[in-house]
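Engineer:
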Amino acid sequence: MDLDHVLLYPEGKSLLTCIQCGVCSATCPQEAFMEYPPRKIVAMLKAGLIDEVVQSGSMLKCVSCYSCQAKCPRQIRLTDLLFPLIRGRMFEGGGIPAELQKAFLDVQRYGNPLGRSTSERSDWVARSKVPIRILADRPGPVDLLWNVECYPSYHPRGQAVALATARLFHRLGLDFAILGSEERCIGDCAGYFGEFGLLDALIEQNLTTFRKYDFRRVVTSGAHAFNVFAHHYPGYGFTTPVEPVVGLIGEELPKLRPMLKTSVPHKVTYHDPCCLGRCMGASALRCYFAPPRKLLEAIPGLKYVEMAHHHENSLCCGGGGGGMWLDTYYRDQGMDRLSERVVKEAVAAGADVLAVTCDYEVSRFEDAVKVLGYDRKIVVRDVLELLDESAGGEAAV
Amino acid sequence: MDVVVLMKMVPDAAQKIEVDAASGQLKASTLNLIPFESDEHALEEALLIKERTGATVTVVTTDLPGGDVALWTALAKGATHALLVTRGRPYEPRSTGELARIYAKLLETIPHDLVLTGAQAPDDVEGELGALLAAQLGLPYISVAVAVRPDEGTHSAEVTTELGGGLRSVYESALPLVVGIQTSETPPRYAPFLQIRAAQRSKRTRSVAVEPVPFDPKVEVVALHKPVAGKGATMLEGSPEEVAGRLVEILAEKELVGG
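Listed in order, the protein sequences are those of chains U and P.
Its first residue numbered 12, the first sequence is counted upward by one per residue in this note's numbering.
Its first residue numbered -4, the second sequence is counted upward by one per residue in this note's numbering.
Laid out in structure tokens, this is it:
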């Protein structure tokens, strides 16, 4: 499917059903900064004004948060189809900020957008006090293949979450293993920015690796990775069940609850990541609004508070659809960072902990906390870190 | 206008590179070869020239691992021709001098008004490839360039190079000319994966066998080792707060920040 022939395809034909109600633009968190917000873009695509849309750069400001698509009364596939097609066209004429180009080149070269060596991907495992099996070293059947993903593998704060996740798996007696240096990016940012060839190459490479091993289920750290598993991998014949870590631990709550003995006396709010909430609902698959809240409420001493924007109205952290690597560009454009808006809301809700479950968010929101000077007001923790702390942390394994 | 870009595959420094104790060479199993960064800038500068003047851009590399991918990527970005230099067996560069002779021999057979190559590859820190090649061909050479503007009418080029302290110098030279590129005027463009695959399928890369003249290298690599930590650095230890506090003190002592 390409932009010039978009109206020839069923998904593209849905553009013709647009009633220009404007809900898409009204719900878009970046609308104020776009020359052409979603409603106008739909009208322009219908009128064939493709070059104008591509050249405006408006689509660089879309962070694939799914707000427009989730609320469109005609269910037009803006976020996961039409906007990536527009952005894919941007590769032809340049205009993609160098920071984002580098992230894509690093994914091509190293299978991660941080530009780190593939051989270092499982270095964090050495710091784990619980055993973590790497399939290349110890092949053989395993129940859960844990897809650790890039930020939990390489980013220091992500690694802390990965270590907490491993301790929870261990406490629950789960039979799990990782791919270690064989793991590669699952493909989210590439697919949502319109780098379809790279997404395709990553899926092919990952499926080739998966076929080498014998596992029954996949559990993935990344909300974005889960989104791609749910929406793109089945098209390649991959039908193994996939759960996000927070969903899997949620199912294990009856077993986990007796272990949650240490009080975590904080006022905690939770940020719904787009890729576990809105986008799952939008595509009539599963959404994960309830599991993280149930898990948090199971922690003794913890008081849960809700932010102004939550569930399907949650504000995006601004990291999706390539936004993770466009912060400098956004600053140059005089734009607010969405992550800062979320942190302000969390503080306004009276929380002293902002709990997250998306692999981009710990580092994104911690940056926002520092930029806002809120270091003494609020800390950012993954839901899994809070659960691990309540279960006794590293000392109790 | 014919622009030739010479690209070199170099070890990727992002990967953990090890030195083989027995041979004193880089351990092949730890090496992942990628195009040298300044060569990518040389290609970008050539593509900008192509866009401005309609020049033909021919990209050349040797048949080291990854060389074919580098050429497909160059074609995907807009290069006109791509040549893989072979010697009938995997090419093993022994020195920049030998490489310069091989390229000189190749250039006898292909038209060239401008020859661009990256300045100062990891095995070429004096930027000698361009200089040696220019000497072989009897052409003028300008290095550490940040912009190249050829003029077909006068058959000359204006070349900007960077000096220290933010100063730039502008040269004018007759063509043909060899230029060592430091950076291109705009960052190297990104080649979408589908276009790289299309270039691969197009079979537009051509292999050219070049038999070099015998070459006796005057310089030999005696030893390779990782940088040894010197004594000049002070390592701060302690909690992040202690380290940050000490760092602020040091910066204030040296009057680099207000106390």
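No residue lacks a Cβ here, since even glycine has one placed at the ideal position from N, Cα and C.
1) Taking the alpha-carbon of P/LYS198 as reference, which of P/ALA77, P/LYS11, P/LEU124, P/TYR166 has the nearest alpha-carbon?
2) Bridge partners of P/HIS76, per DSSP?
3) Distance, Cα to Cα, P/ALA9 vs P/GLU215?
4) Taking a Cβ distance cut-off of 9 angstroms, strictly less, list which residues of the stretch 125 to 151 of chain U are near chain P, in chain order.
5) Since U/LEU397 contacts U/ALA366 with CB under 8 angstroms, what's their CB separation in whole angstroms?
6) Are there three or more Cβ pairs, one per stretch, closer than 8 angstroms when the stretch 78 to 87 of chain U is compared with the stretch 329 to 344 of chain U?
7) Looking at the C-beta of U/ILE214, does it have a partner C-beta in chain C at a distance below 8 angstroms?
8) Taking only three categories from DSSP, how would you classify P/GLY240?
9) So which residues of chain U does P/LEU189 contact, with C-beta pairs closer than 7 angstroms?
10) Kindly list the residues whose CB is nearer than 7 angstroms to the CB of P/LEU134, restricted to its own chain and excluding five residues on each side of it in sequence; keep chain order.
11) For chain P, find out if any of its Cβ atoms is closer than 8 angstroms to the Cβ of U/ILE389; answer yes or no.
12) Could you round the C-beta distance between U/CYS161 and U/CYS83 to whole angstroms and report it? I think they count as a contact, below 8 angstroms.
13) Residues of the stretch 10 to 40 of chain P in Cβ contact with chain U at a cutoff of 9 angstroms, in chain order, please.
14) When Cβ atoms are compared, which residues of the stretch 163 to 175 of chain P fall closer than 8 angstroms to chain U?
15) For U/ILE145, list the residues DSSP reports as bridge partners.
16) Extract the residue ranges of the beta strand (DSSP E) inside the stretch 86 to 159 of chain U, only unbroken runs of 3 or more that lie entirely within it.
17) Out of U/GLU254, U/GLU206, U/ALA407, which has the shortest C-alpha to C-alpha gap to U/GLY332?
18) Which two residues bound the contiguous beta strand (DSSP E) that contains U/PRO311?
19) Taking 8 angstroms as the threshold, find out whether the stretch 211 to 224 of chain U comes into contact with the stretch 166 to 179 of chain U through three or more Cβ pairs.
20) Using the beta-carbon count (16 or more within 10 Å), is P/THR104 buried or exposed?
21) DSSP puts U/THR280 in a beta bridge; with which residues?
22) Nearest by alpha-carbon distance to P/ASP58: which of P/LEU28, P/GLU39, P/ILE44, P/LEU38 is it?
23) Mark P/MET230 as exposed unless 16 or more other C-beta atoms lie within 10 angstroms of its C-beta, in which case mark it buried.
24) How about P/VAL55 and P/LEU1: are their beta carbons less than 8 angstroms apart?
25) On a Cα-Cα basis, can you pick out the residue from U/PHE204, U/GLY248, U/HIS242, U/VAL153 that is closest to U/TYR224?
26) Among the candidates P/ALA99, P/ALA95, P/ALA37, whose CA atom is the shortest distance from the CA of P/LYS72?
27) Interface residues of chain U around P/ARG47 at Cβ under 7 angstroms?
28) Put P/ASP(-3) into one of helix, strand or coil per three-state DSSP.
29) Taking the continuous alpha helix (DSSP H) assigned at U/GLU351, which residues delimit it?
30) Cα separation between U/ALA43 and U/ILE145?
31) Apart from the five residues on each side of it in sequence, which residues of its chain come closer than 7 angstroms, Cβ to Cβ, to P/HIS255?
32) Within 10 Å of its beta-carbon, does U/ASP13 have 16 or more other beta-carbons around it, so buried, or fewer, so exposed?
33) What is the DSSP secondary structure of U/GLU411, counted as helix, strand or coil?
34) When the Cα atoms are used, what is the spatial distance from U/GLY288 to U/GLY106?
35) When the cut-off is 8 angstroms and only beta carbons count, does U/ALA293 lie next to chain P?
36) Tell me P/MET4's beta-bridge partners as DSSP assigns them.
Structural biologist: Straight from the coordinates:
1) Within the second sequence, residue 198 of chain P is the residue found at index 203, counting from 1. When only C-alpha atoms are compared, the closest one is P/ALA77.
2) Position 81 of the second sequence, counting from 1, holds the residue named residue 76 of chain P. According to DSSP, P/HIS76 bridges with P/THR53.
3) Counting from 1 along the second sequence, the entry for residue 9 of chain P is found at position 14. Counting from 1 along the second sequence, the entry for residue 215 of chain P is found at position 220. The alpha-carbon atoms of P/ALA9 and P/GLU215 are separated by roughly 26 angstroms.
4) From the stretch 125 to 151 of chain U, only GLY126, ARG127, SER128, THR129, SER130, GLU131 have a Cβ closer than 9 angstroms to chain P.
5) Indexing the first sequence from 1 puts residue 397 of chain U at position 386. Indexing the first sequence from 1 puts residue 366 of chain U at position 355. With a Cβ gap of about 6 angstroms, U/LEU397 and U/ALA366 count as contacting.
6) Output reads no: the stretch 329 to 344 of chain U does not touch the stretch 78 to 87 of chain U.
7) The chain inventory of the structure shown lacks chain C, comprising the protein chains U and P.
8) Counting from 1 along the second sequence, the entry for residue 240 of chain P is found at position 245. DSSP places P/GLY240 in helix when its eight states are reduced to three.
9) The residue given as residue 189 of chain P occupies position 194 in the second sequence. Residues of chain U with a Cβ closer than 7 angstroms to the Cβ of P/LEU189 are, in chain order, PHE207, GLY208.
10) Reading the second sequence from its first residue, position 139 is the one you call residue 134 of chain P. Answer for P/LEU134: PRO171, LEU172, VAL173, listed in chain order.
11) On the first sequence, position 378 is the one that residue 389 of chain U refers to. Not one chain P Cβ lies under 8 angstroms of U/ILE389.
12) For the purposes of this step, residue 161 of chain U is taken as residue 150 along the first sequence, with counting starting at 1. For the purposes of this step, residue 83 of chain U is taken as residue 72 along the first sequence, with counting starting at 1. About 31 angstroms separates the two Cβ atoms, so there is no contact after all.
13) Cβ contacts with chain U come from GLN10, LYS11, THR25, ASN27, ILE29.
14) Answer set for the stretch 163 to 175 of chain P: empty.
15) Working through the first sequence from its first residue, we reach residue 145 of chain U at position 134. BP columns for U/ILE145 point to U/ILE189.
16) List check, beta strand (DSSP E) in window: 153 to 158.
17) The sequence position of residue 332 of chain U within the first sequence is 321, counting from 1. Of U/GLU254, U/GLU206, U/ALA407, the residue nearest in Cα terms is U/GLU206.
18) As a working note, residue 311 of chain U is residue 300 in the first sequence. Here U/PRO311 belongs to no beta strand (DSSP E), and DSSP marks it neither H nor E.
19) No: the two stretches stay apart, fewer than three of their Cβ pairs being nearer than 8 angstroms.
20) Against the second sequence, residue 104 of chain P aligns to sequence position 109. With fewer than 16 other Cβ atoms from the protein chains shown falling within 10 Å of its own Cβ, P/THR104 counts as exposed.
21) On the first sequence, position 269 is the one that residue 280 of chain U refers to. Beta-bridge pairing links U/THR280 to U/LEU365.
22) For the purposes of this step, residue 58 of chain P is taken as residue 63 along the second sequence, with counting starting at 1. Each of P/LEU28, P/GLU39, P/ILE44, P/LEU38 was checked against the Cα of P/ASP58, and the nearest Cα belongs to P/LEU28.
23) Sequence index remark: in the second sequence, residue 230 of chain P carries index 235 (1-based). Exposed, by the Cβ-count rule.
24) Along the second sequence, one-based indexing puts residue 55 of chain P at 60. Along the second sequence, one-based indexing puts residue 1 of chain P at 6. Going by C-beta atoms, P/VAL55 is nearer than 8 angstroms to P/LEU1.
25) As a first step, residue 224 of chain U must be located in the first sequence, where it is residue number 213. Proximity to U/TYR224 across U/PHE204, U/GLY248, U/HIS242, U/VAL153 peaks at U/VAL153, based on C-alpha coordinates.
26) For the purposes of this step, residue 72 of chain P is taken as the residue at position 77 of the second sequence. The alpha carbon of P/LYS72 has as its nearest neighbour, out of P/ALA99, P/ALA95, P/ALA37, the alpha carbon of P/ALA37.
27) On the second sequence, residue 47 of chain P is found 52 positions in, with the first residue counted as 1. Residues of chain U passing the Cβ test: none, with the nearest at roughly 14 angstroms.
28) Along the second sequence, read from residue 1 onward, the residue named residue -3 of chain P stands at position 2. Three-state DSSP puts P/ASP(-3) in a strand.
29) Sequence index remark: in the first sequence, residue 351 of chain U carries index 340 (1-based). Boundaries of the alpha helix (DSSP H) harbouring U/GLU351: 349 to 359, taken from the DSSP string.
30) Counting from one through the first sequence, the residue named residue 43 of chain U turns up at place 32. Counting from one through the first sequence, the residue named residue 145 of chain U turns up at place 134. When rounded, the distance between both Cα atoms is 47 angstroms.
31) Since the displayed chain P opens at -4 and closes at 254, residue 255 of chain P lies outside it and no answer follows.
32) For this step, residue 13 of chain U is matched to residue 2 along the first sequence. Counting Cβ neighbours within 10 Å, U/ASP13 comes out exposed, since fewer than 16 surround it.
33) Residue 411 of chain U lies beyond the range of chain U shown here (12 to 408); nothing can be said about it.
34) The sequence position of residue 288 of chain U within the first sequence is 277, counting from 1. The sequence position of residue 106 of chain U within the first sequence is 95, counting from 1. In a straight line, the C-alpha of U/GLY288 is about 31 angstroms away from that of U/GLY106.
35) Counting from one through the first sequence, the residue named residue 293 of chain U turns up at place 282. Reliability fails at U/ALA293, whose pLDDT of 49 lies under 50, so the model's placement of it is uncertain and no value is given.
36) Reading the second sequence from its first residue, position 9 is the one you call residue 4 of chain P. DSSP, once it has assigned bridges, lists P/PRO30 as partnering P/MET4.
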